[in-house]
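Following: one structure in structure tokens, then a few remarks.
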Amino acid sequence: MSSSEPAPLWDLPEPSRSASEPKASSPRAGKPAAAKTSAGRAKAAAKKAPSRKGQQQPAPELPVAKVVVDIPLAHLDRPFDYQVPDKLHEAAVPGCRVRVRFAGQLVDGYLVERTDTTEYERKLAYLERVTSSEPVLPASLHAVCRSVADRYGGTLSDVLRLALPPRHAKAEGEPAGEPAPEPDVPDVSAWTRYQRGPAFLDAVADGKPANAVWQALPGEDWPRRLAEAAAVAASCGRGAVLVVPDHRDLTRVHEACAAMVGEDAVVALIAGLGPAERYRRWLAVLRGTVRVVVGTRAAMFAPVADPGLFVVWDDGDDLHLDPHAPYPHVRDVLMDRAHATKSSLLVGGFARTAEAQLLVESGWAQAVVADRTELRTAAPRVTPVGEDFDVARDEAARVARLPAVAFEAARQAFAAGLPALVQVPRRGYVPGLACGNCRTPAHCRRCAGPLALPGGSVDGAPKPPACRWCGVPETAFRCQACGSVRLRAVIVGAKRTAEELGRAFPGVPVRTSGAAEVLATVPGRPALVVCTPGAEPVAEGGYGAALLLDGWALLGRQDLRAAEETLRRWMAAGALVRPASSGGRIIVGAEAGLSVVQALVRWDPAWHAGLELGQRRELGFPPAMRMASVEGTPDAVASVLDDLPLPDTGEILGPVPLGDFDDAGNASRERALVRVARPEGKTLAALLHDAAARRDARKAAEPVRIQLDPLELI
DNA sequence: ATCGTCATTTGT
DNA sequence: CAAATGACGATC
């Protein structure tokens, strides 16, 4: 039975015995590249039949190929030497894709170098074939990927999988276009609003490495500012890579860049393009036909020629963390690339992360920020609304349970012919509550706002329901309609909120933007624009008001970054509002005494980032310290930790159970954190890599997830 | 997956 | 004491 299956060609026995199979050698002998047909045939005939393998001659020069194999095992994370056969001498160029026999299997790999000699004591195997001579892994890209793998304690092959799109033969066959011409030097006068802004761009223009952390002013046309920076680099013949969190941002930055440096000089790299187009655009970058790359996180590896500038916008957005091993972060990869290539880095956003703050405080980067005078002309007026607020007197607004100031701010915006933005918690993020008996929506006894489950827990017990507007917990619910004490969860999304609010403003159209459908822009006319964080449309001419009603949900999260994240989302929405001088107002539903609210009122993200970083130092949390998480079954986690030599400053926290439990009540998965002082981060990564290597070599079945600088810590 | 190495078992 | 078998680890 089994004998009826034809063995694949490459499974034929190697040297001897094939004298009895005269045909074995001929079928694949015709290599299209050999071109000269008659000579090729004569040569093949001259070689007497037996397997071609034994007959292979090493290449006349540089016969050794260093090959990185595409196997994600940590103990095989190094190049292996192969012999280049005579026939592949021309094709086997550094950086090309190859196929090699590795441990009896044919595997894909990359040829990273041709050399004269090998350290290997035994006989080298030959390259099986060259998949294509396109040098997709040149030394520069190899170095980037190796460095990223080392930083995260991961393997090169894992990083290569993130950095190189799958090959598409048809796209590869198309000829490379002409390199785009150098664009004109752009007008960068808009950067004079920021201290050290012009100085930073001068450095980029002079090809001197400079690093900047930039907080954009409210209302800033930041895609255009980024395009100007990219154009500065491009105008002096350097490349630029700009990474933004999502597709919507990418569209804006891409348009701005195309207008600034020309359609042909910029390319958008984005997931979900389709294999051919994805590879085509990536090749255009590799071949140097475009100078400016705009993309989402995978573009952080874009092999742009002669890079002069790397940019990450809104580095606090968790989309910048790649969810695939070894979980690299855009900001950190771009820092590494900028450093390695002596080019510049720009970390921009409306808000500032604790990580960016550390770059500034350590002197690694300069703060590019506006002074208070500029800020005063740009910022909207911010009014916090805490627990004690007056519900609007207007009858319809009372029905919608809207605070009076919020109602008034929205009304003024509409009166001025402008839209108003309402930011509400993400749908499903927080379920709303209704009576378990009669299904009447459950309302707060204090302000009549809707009750919801905040999520998270205190001392192991789930948090009690709380009001969506004022945040007051409800510990003894009783239905107003039927007297039942039972509660049931209902989904209250942006849609429902929109309907409720809409009734308060008859005649004003209500638009929603959220997970289901994200609007890019809304016209500059009266409208109530209800959206979840991150989905705020840009309004033509700016919003007249923004109502930030999700503070209690954002701030209530059990997360080290809750405050930082809240300010980031508020500022992203608030930046779309007109300046106070033009009547722009922000109403934020949170206590005025909170520092995060103060930071919004004063529009001072740097101050808040300084506070955050100070707290992280006190707690010994990132980015003040470096952390790694080790996650898996209890046995697997224990085996890694037991095998991990701790650096001097090393400390293990946990392990703690992770959510799911088995029938016996034991955690099926655990997570431990390993903490070291920042200077030992590199050592920790190497030690974790080695521990993973020993584990892989033992062929351990249970997977362990090792992550450096994980975002979620609590 | 496959191959070589080295230790152990089995057959004289 | 030599040949056969098996466990293990490297994998070019």
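For what it's worth, this note's numbering labels the leading residue of the first sequence as 380, then goes sequentially. We treat Cβ as the ideally placed atom computed from N, Cα and C, and that holds for glycine. Computed from a prediction, not measured in an experiment: that's the story for all the values here.
query	result
Nearest neighbour of Met1004, chosen from Val726, Gly653, Val592 and Ile1031 [CA to CA]	Ile1031
First and last residue of the uninterrupted alpha helix (DSSP H) at Ser1047	Where Ser1047 is concerned, there is no enclosing alpha helix (DSSP H), given that its DSSP letter is neither H nor E.
Burial state of Arg867, where buried means 16 or more other Cβ atoms lie within 10 Å	exposed
Proximal residues to Lys402 (C-beta, below 6 angstroms), its chain only, five neighbours per side dropped	Residue placement at Lys402 is poorly supported in this model, since its pLDDT is 29, which falls under 50; the coordinates are not used for a value here.
Boundaries of the beta strand (DSSP E) in which Gln484 is found, first to last residue	Gln484 to Thr494
Buried versus exposed, by CB contacts within 10 Å (16 or more), Tyr922	buried
Run of the alpha helix (DSSP H) containing Ala638, from where it starts to where it stops	His626 to Val640
N-terminal and C-terminal residue of the alpha helix (DSSP H) that Glu1010 is part of	Here Glu1010 belongs to no alpha helix (DSSP H); instead the beta strand (DSSP E) covers Met1004 to Gly1011.
Assumed close pair Val592, Ala746 - CB separation to whole angstroms, cut-off 8 angstroms	5 angstroms
Per-residue DSSP class, three states only, for Ala418	In this predicted model, Ala418 has a pLDDT of only 31, less than 50, meaning its place in the structure is not dependable enough to derive any value.
Proximal residues to His633 (C-beta, below 6 angstroms), its chain only, five neighbours per side dropped	Ala647 and Val673
Spatial neighbours of Leu520 in its chain, beta-carbon cut-off 6 angstroms, leaving aside the 5 residues before and after	Pro682
Other residues of its chain near Val956: CB distance less than 8 angstroms, five sequence neighbours each side excluded	Pro597, Gly598, Pro759, Leu800, Gly921, Tyr922, Gly923, Ala924, Ala925, Gly963, Arg964 and Ile965
Terminal residues of the beta strand (DSSP E) in which Cys910 lies	Leu907 to Cys910
Cβ neighbours of Val567 in the same chain (closer than 6 angstroms, five flanking residues each side left out)	Leu580 and Glu607
For Thr1028, the three-state DSSP class (helix, strand or coil)	coil
Stretch-stretch touch, CB-based, cutoff 8 angstroms, three pairs: the segment 478-488 with the segment 435-450	yes
First through last residue of the alpha helix (DSSP H) which encompasses Phe786	Ala783 to Ala794
Cβ distance (whole Å) where Lys445 is taken to contact Pro458 below 8 angstroms	4 angstroms
Alpha carbon of Leu1090 to alpha carbon of Val622, nearest angstrom	19 angstroms
Beta carbon of Pro562 nearer than 8 angstroms to that of Met639	yes
Inter-residue spacing [alpha-carbon to alpha-carbon] between Lys549 and Arg540	20 angstroms
8 angstroms CB neighbourhood of Trp692 in its chain, flanking five on each side removed	Trp601, Leu605, Leu621, Val622, Val623, Pro624, Asp628, Val632, Gly727 and Gly728
Selection from Ser974, Ala1072, Ala663 and Ala914 that minimises the alpha carbon distance to Arg948	Ala914
Neighbourhood of Ala542 by C-beta distance below 6 angstroms, restricted to the same chain and skipping five residues each side	Cys524 and Phe680
As assigned by DSSP and simplified to three states, the class of Lys842	coil
CB of Thr322 within 8 angstroms of CB of Asp460, strictly	As displayed, the chain neither begins before 380 nor continues past 1093, which places residue 322 out of reach and without an answer.
Nearest-angstrom beta carbon gap, Ser722 and Leu688 [assumed within contact, 8 angstroms]	6 angstroms
Beta carbon of Thr675 nearer than 8 angstroms to that of Ile649	yes
Coil, strand or helix - Arg981 by DSSP	coil
First and last residue of the uninterrupted beta strand (DSSP E) at Leu1037	First-last for Leu1037: undefined, no H or E at that position.
For Phe459: DSSP bridge partner residues	Val446
Rounded separation between Arg666 and Ser1047 - CA only	48 angstroms
Inter-stretch contact (C-beta, 8 angstroms, three-pair minimum) for the segment 733-742 and the segment 989-1001	yes
Check whether Ala559 and Arg670 have beta carbons under 8 angstroms apart	yes
Cβ neighbours of Val901 in the same chain (closer than 7 angstroms, five flanking residues each side left out)	Pro798, Arg890, Val908, Pro916 and Ala918
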